[in-house]
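Colleague:
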Amino acid sequence: MLAERPIKKTWSGWWEFPGGKIEPGETPAQALSRELKEEIGIVVTVADKWITREYSYDQVDVKLHFFKVTKWAGQIQPKEEQRLSWNNPSSPHVSPVLPANELIFKAIRLPELYAITNAEEHPNNFIALVANKLQQGLRLIQIREKVIKKDLYVELAKKIIGMAAPYGARVMINSDTELAYTLGADGVHLNSKLLHSLSDKPANLIVSASCHNTADIEKAINKNLDFIVLSPVKETLSHPGLVGMGWNRFNTLLKKHNMPVYALGGMQRADLKKALDNGAVGIASQRSVWVD
Numbered sequence: 000m001l002a003e004r005p006i007k008k009t010w011s012g013w014w015e016f017p018g019g020k021i022e023p024g025e026t027p028a029q030a031l032s033r034e035l036k037e038e039i040g041i042v043v044t045v046a047d048k049w050i051t052r053e054y055s056y057d058q059v060d061v062k063l064h065f066f067k068v069t070k071w072a073g074q075i076q077p078k079e080e081q082r083l084s085w086n087n088p089s090s091p092h093v094s095p096v097l098p099a100n101e102l103i104f105k106a107i108r109l110p111e112l113y114a115i116t117n118a119e120e121h122p123n124n125f126i127a128l129v130a131n132k133l134q135q136g137l138r139l140i141q142i143r144e145k146v147i148k149k150d151l152y153v154e155l156a157k158k159i160i161g162m163a164a165p166y167g168a169r170v171m172i173n174s175d176t177e178l179a180y181t182l183g184a185d186g187v188h189l190n191s192k193l194l195h196s197l198s199d200k201p202a203n204l205i206v207s208a209s210c211h212n213t214a215d216i217e218k219a220i221n222k223n224l225d226f227i228v229l230s231p232v233k234e235t236l237s238h239p240g241l242v243g244m245g246w247n248r249f250n251t252l253l254k255k256h257n258m259p260v261y262a263l264g265g266m267q268r269a270d271l272k273k274a275l276d277n278g279a280v281g282i283a284s285q286r287s288v289w290v291d
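Residues 0 to 291 in numbering that gives the first Met the number 0 are what the sequence shown spells out, letter by letter.
#1: Determine the direct distance from the alpha carbon of residue 199 to that of residue 40, and round the result to whole angstroms.
#2: From residue 287 to residue 1, what does the alpha carbon distance come to, in whole angstroms?
#3: DSSP on residue 171, reduced to helix/strand/coil?
#4: Thinking C-alpha only, which one of 194, 167 and 49 is nearest residue 138?
#5: Quick one: give me the first and last residue of the beta strand (DSSP E) that residue 3 is part of.
#6: Nearest-angstrom Cα distance between residue 307 and residue 95?
#7: Once the 5 residues before and after residue 103 are set aside, which same chain residues still bring their CB inside 7 Å of it?
#8: Since residue 193 contacts residue 207 with CB under 8 Å, what's their CB separation in whole angstroms?
#9: Expressed to the nearest angstrom, what Euclidean distance is found between the alpha-carbon atoms of residue 60 and residue 225?
#10: Please list the terminal residues of the continuous beta strand (DSSP E) segment that includes residue 150.
#11: Could you check if residue 92 is buried or exposed, using at least 16 other CB atoms within 10 Å of its CB as the buried criterion?
#12: Nearer than 7 Å: is that true of the beta carbon of residue 286 relative to any heavy atom of the ligand NAP?
#13: How about residue 171 and residue 130: are their beta carbons less than 8 Å apart?
#14: Mind checking residue 47: buried by the 16 CB within 10 Å criterion, or exposed?
#15: Under DSSP, the alpha helix (DSSP H) around residue 245 begins and ends at which residues?
#16: Alpha carbon to alpha carbon, how far is residue 68 from residue 120? Give it in angstroms, no decimals.
#17: In angstroms with no decimal places, state the Cα-to-Cα distance between residue 115 and residue 155.
#18: Is it true that the CB of residue 186 sits closer than 8 Å to the CB of residue 197?
#19: Using three-state DSSP, classify residue 120 as helix, strand or coil.
#20: Cα separation between residue 55 and residue 62?
#21: Taking the straight line between their C-alpha atoms, what separation do you get for residue 22 and residue 38?
#22: CB residue 210 to CB residue 229, shorter than 8 Å?
#23: Locate the alpha helix (DSSP H) running through residue 53, then write down its first and last residues.
#24: For residue 208, does the three-state DSSP call read helix, strand or coil?
#25: For residue 280, which three-state DSSP category applies?
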């Protein structure tokens, strides 16, 4: 649901998600409930805290708190004589949209869990693990296997792509755009080296990248990638001795960038709330996701 800003407000004629300013003494959730009642006439009954970002409008810095509102009471109606419009996140049909809101069109299509394959550690039952996780709701998988031979990698990728399709799950190929096209994968995930050598974003693919610093993030934004993975948050088994950046640094790196971000590096299911609280759309995992 998008609302057009009324004539008397700044940025009039631009479209945005309904909401407004936090008044003194209010929490973000309280402000959400008040604003939605005032603007579109509903009483929020279920709203989950989601993404937080900082943005500058006309040299004014604002902190934006996005929520997912899944239940409400009352009929949606324009209470401020503004136009309202339901839109498909994949192809919004109204414009122009306030710049900070563009992040949401990318993020809303992403699940909270991004799984990275680890067939090396589960050689006898990995396909069964994938099948089980798909049944449990896994909807985004990156095929990343650095030690198996190319023909075995291709065979594994074909199997997982075929398994994922009936569930509507999307499959990313690690660092090989041509193979992603050949196999009919949904996308390609670039390492930071490939990210910085990228001239144009591959067409008709979801494109993500591994990022570790501000330069990486800005390159991903410049190339209009769909999302990034920021790491390492914690120390990992794959990079022993490499100290993680921690949640404070993670939040500092992403909070002013208009890009969906997954947290990677030692992530467990229990870290999901912490990741969301620090601005991520979810967590990425190569190990715990297959055994939790």
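For each residue, glycine too, the CB sits at the ideal point set by N, CA and C. None of the values given here were measured: they were computed from a predicted structure.
Modeller: With the structure as the only source:
#1: 44 Å
#2: 37 Å
#3: strand
#4: 167
#5: 1-3
#6: There is no way to answer for residue 307, as the model of the chain reaches only from 0 to 291.
#7: 16 and 65
#8: No, residue 193 and residue 207 are not in contact; Cβ-Cβ is about 11 Å, not under 8 Å.
#9: 25 Å
#10: Here residue 150 belongs to no beta strand (DSSP E); instead the alpha helix (DSSP H) covers 149-163.
#11: exposed
#12: Among the components of this structure there are no ligands whatsoever, and the ligand NAP is therefore not found.
#13: no
#14: exposed
#15: 245-253
#16: 39 Å
#17: 13 Å
#18: no
#19: helix
#20: 9 Å
#21: 15 Å
#22: yes
#23: Careful: residue 53 lies outside any alpha helix (DSSP H), inside the beta strand (DSSP E) at 42-56.
#24: strand
#25: coil
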